[in-house]
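Enquirer:
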Amino acid sequence: MPEREANPILAKELRARMRGRRAFVILTAYLAVMSAFSAAVYYLNYLTSQGPGGIVRMAPLGRPLFFAGTGIQLIMVVFLTPAFVTGAIAGERERQTFELLRTTLLPARALVGGKLVASLSFVLLLILAAVPVQSLAFVLGGVTVLEIGLALLILVVSAVASAILGLFFSSVARSTLNATVMTYGTALFVNAVLPLATVGVVLVLGESIFGRSGASPPPPAVQVALVYAALLIISISPLAAAIGTEVLFLQENSVLYYWQSLESSYRVLVPSPWIVLLVIYVVVSALLLRATVVRVGRQACQ
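Below is the structure:
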């Protein structure tokens, strides 16, 4: 097969995903939910933003609209993306068509790449389609272009990582149901259980860790390790990383780093959560994608 020839898997998957009624229904429902949610947030904040004489301050309306829109997009991207990917390889086995793909000259990387790009293309379409809704926050004021850019970056990185995670479990599981359960179980643990547990530990032990409760704090090395461990765990979740990045921007006026005070004479440099999220997701996604290609290649050789 010539190197310049288009990937047949990608062409087939794109036709199947983009031309059917399902794509239109999902896109319409997604935008309807986004629009309704944004309208509700706007209306509630409109009622509370009226100043003396009934004058509405428009600037405060943009920020909650931006927060709400980004939050619901992150939740939908993280938990909607695997639905398009978990059946990519496991579904071929269930339909007994995986053996046919093995008999072709298509290499494993082309098969995996075609499935991944086709699934991601629709998810990225959902993200881009919601940009006009998110742009209302910028028009109303209170939100900078940098914040919108970072939100889009986190959304895209989260979508790619979620798709690769689902594709990996699809290559491991024997059925689409098993792949779906493993993918959503991992996503729920990473995006909800770990951040909530970490926040709970910090709220309970934070005062004693940093020596603000009168108790003797642990050594500085232990405090530094705990700070970076909490940052690492929180940054694994896109929603928690986005919240942490925004808090850092509002309090420190920085999106790159801040100085965390441990005791009166100690400070530690802490990078912004979105940077940690980007590094973790790029590295883990590359490893999972490589493992998926190797596994599909081995299955093709059996």
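Taking our numbering, the leading residue of the sequence shown gets 74, the next gets one more, and so forth. For every residue, glycine included, the Cβ atom is placed at its ideal position computed from N, Cα and C. Remember, it's a predicted structure, so these values are computed and weren't measured experimentally.
Determine the DSSP secondary structure at Met255, reduced to helix, strand or coil.
Expert: The residue labelled residue 255 in the question sits at position 182 within the sequence shown. DSSP places Met255 in helix when its eight states are reduced to three.
Enquirer: Going by CA-CA distance only, name the one from Pro180, Thr143, Ala102, Leu335 that's closest to Val229.
Expert: One-based indexing of the sequence shown puts residue 229 at position 156. Closest option to Val229, Cα to Cα, is Thr143.
Enquirer: What whole-angstrom Cβ distance do Ala203 and Leu104 have, given they're in contact under 8 angstroms?
Expert: Numbered from 1 along the sequence shown, position 130 holds the residue referred to as residue 203. Numbered from 1 along the sequence shown, position 31 holds the residue referred to as residue 104. About 7 angstroms separates the two Cβ atoms, so the contact holds.
Enquirer: What is the residue span of the beta strand (DSSP E) that Val343 lies within?
Expert: Within the sequence shown, residue 343 is the residue found at index 270, counting from 1. Note, Val343: beta strand (DSSP E), 339 to 344.
Enquirer: Any chance the region 258 to 274 sits against the region 322 to 339, with 3 or more Cβ pairs inside 8 angstroms?
Expert: At 8 angstroms Cβ cutoff, the stretches do not touch.
Enquirer: If you scan the region 166 to 218 from start to end, which runs of the alpha helix (DSSP H) of 4 or more residues do you find wholly inside it?
Expert: Those alpha helix (DSSP H) runs which fall completely within the region 166 to 218 and span 4+ residues are 171 to 175, 181 to 202, 204 to 213.
Enquirer: Buried or exposed: where does Ala89 fall if 16 or more other Cβ atoms within 10 Å of its Cβ makes it buried?
Expert: Here residue 89 refers to the residue found at position 16 when the sequence shown is read from its first residue. It counts as exposed.
Enquirer: What residues are listed by DSSP as bridge partners for Ser334?
Expert: Position 261 of the sequence shown, counted from the first residue, corresponds to residue 334. DSSP, once it has assigned bridges, lists Arg340 as partnering Ser334.
Enquirer: Less than 8 angstroms between the beta carbons of Leu189 and Leu100, yes or no?
Expert: Numbered from 1 along the sequence shown, position 116 holds the residue referred to as residue 189. Numbered from 1 along the sequence shown, position 27 holds the residue referred to as residue 100. For Leu189 and Leu100, no; Cβs fall outside 8 angstroms.
Enquirer: Cα separation between Ala102 and Asn251?
Expert: As a position in the sequence shown, residue 102 is number 29, starting the count at 1. As a position in the sequence shown, residue 251 is number 178, starting the count at 1. About 27 angstroms.
Enquirer: If you draw a straight line from the alpha carbon of Arg136 to that of Val106, how long is it in whole angstroms?
Expert: Walking along the sequence shown from the start, residue 136 turns up at place 63. Walking along the sequence shown from the start, residue 106 turns up at place 33. When rounded, the distance between both Cα atoms is 19 angstroms.
Enquirer: The alpha helix (DSSP H) that contains Gln292, what's its start and end?
Expert: To locate residue 292, count along the sequence shown from 1; it is residue 219. A small fix is needed here, since residue 292 is Pro in this sequence, not Gln. Premise fails: Pro292 is in no alpha helix (DSSP H) and is neither H nor E.
Enquirer: Return the CA-CA distance between Ser108 and Leu219, expressed in angstroms with no decimal places.
Expert: Position 35 of the sequence shown, counted from the first residue, corresponds to residue 108. Position 146 of the sequence shown, counted from the first residue, corresponds to residue 219. Their backbone Cα atoms lie some 23 angstroms apart in a straight line.
Enquirer: Taking three-plus beta-carbon pairs below 8 angstroms as touching, is the region 177 to 196 in contact with the region 206 to 213?
Expert: The region 177 to 196 is not in contact with the region 206 to 213.
Enquirer: Since I believe Val355 is in contact with Leu240 (beta carbons under 8 angstroms), could you give me their beta-carbon distance rounded to a whole number of angstroms?
Expert: On the sequence shown, residue 240 is found 167 positions in, with the first residue counted as 1. On the sequence shown, residue 355 is found 282 positions in, with the first residue counted as 1. So it is not a contact: roughly 16 angstroms between Cβ atoms.
Enquirer: Of the choices Arg95, Arg371, Leu147, Met91, whose alpha-carbon is the least far from that of Leu232?
Expert: Looking up residue 232 in the sequence shown gives position 159. The sequence given here places Ala at residue 232; Leu does not occur at that position. Cα-wise, what sits closest to Ala232 is Leu147.
Enquirer: Might you give, ordered along the chain, the residues of its own chain that have their beta carbon closer than 6 angstroms to the beta carbon of Phe322, omitting 5 neighbours on each side?
Expert: Here the question's residue 322 lines up with position 249 in the sequence shown. Closer than 6 angstroms at Cβ, skipping near neighbours: Val328.
Enquirer: In three-state terms, what does DSSP make of Leu87?
Expert: Within the sequence shown, residue 87 is the residue found at index 14, counting from 1. Here Leu87 sits in helix by DSSP.
Enquirer: Does the distance from the CB of Pro346 to the CB of Val151 come in under 8 angstroms?
Expert: Residue numbering aside, residue 346 sits at position 273 when the sequence shown is read from its first letter. Residue numbering aside, residue 151 sits at position 78 when the sequence shown is read from its first letter. No, they are not a contact pair.
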